[in-house]
């Protein structure tokens, strides 16, 4: 319990940064509330990709398939994997937003995401690529870092990655939204 409680307290304090990050984007959320609809989708996709990468890396370490010296090779491979996975999820996200907007307009005579739904779709797609890439990269590298400093990657990697990607994923998403939607919705 002591080992687990220590990590959970650290992670809880880290999650408080998520609320702080969201507070920094209150004005943007008020202007484009539609951004909040996709926040769980984007952040959880990054967390899931990071946890998956972390689990695979811990397993590879346990089986002796990778050592600390392999971090650079692993990072290159995981950048490719993260980009591929991000593009797959990003395309699905864009199609989902577009389909919902078109169906809503044609059959229900309303625009669920407003007149700038295409900007929402592009924002969601690009954010998914960025957050999944970041989740995959951080998830695969964190076990190396923890092993290097003498911590057990198995007890802390996945939750730490989820917390890290929650906070940073939010920042990535809103930063992309600010660039894409500036002048139209923000």
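In the numbering used here, the protein residues as written are 11 to 196.
Positions of the beta carbon are idealized from the N, C-alpha and C atoms, including for glycine.
- Taking 4 residues as the minimum length, the segment 54-94 contains no alpha helix (DSSP H) run wholly inside it.
- Around the Cβ of residue 162, a 10 Å sphere holds fewer than 16 other Cβ atoms; the residue is exposed.
- Within its own chain, the residues whose Cβ lies closer than 8 Å to the Cβ of residue 157, once the five positions on either side in sequence are excluded, are 71, 78 and 163, listed in chain order.
- One alpha carbon belongs to residue 112, the other to residue 83, and they sit about 44 Å apart.
- In the three-state reduction of the DSSP assignment, residue 192 falls in the coil class, being assigned neither a helical nor a strand state.
- Listed in chain order, the alpha helix (DSSP H) elements of length 4 or more contained wholly in the segment 107-172 are 127-158.
- Classified as buried, residue 88 has 16 or more neighbouring CB atoms from the shown chains inside 10 Å of its CB.
- Minimum Cα-Cα distance from residue 107 among the listed residues 133, 86 and 94 corresponds to 133.
- Burial check for residue 185: the Cβ neighbour count within 10 Å stays below 16, so the residue is exposed.
- For residue 43, there is no enclosing alpha helix (DSSP H), as DSSP marks it with neither H nor E.
- Collapsing the DSSP output to three states places residue 11 in coil.
- At a Cβ-Cβ threshold of 7 Å, residue 91 and residue 146 count as neighbours.
- At a Cβ-Cβ threshold of 7 Å, residue 24 and residue 173 count as neighbours.
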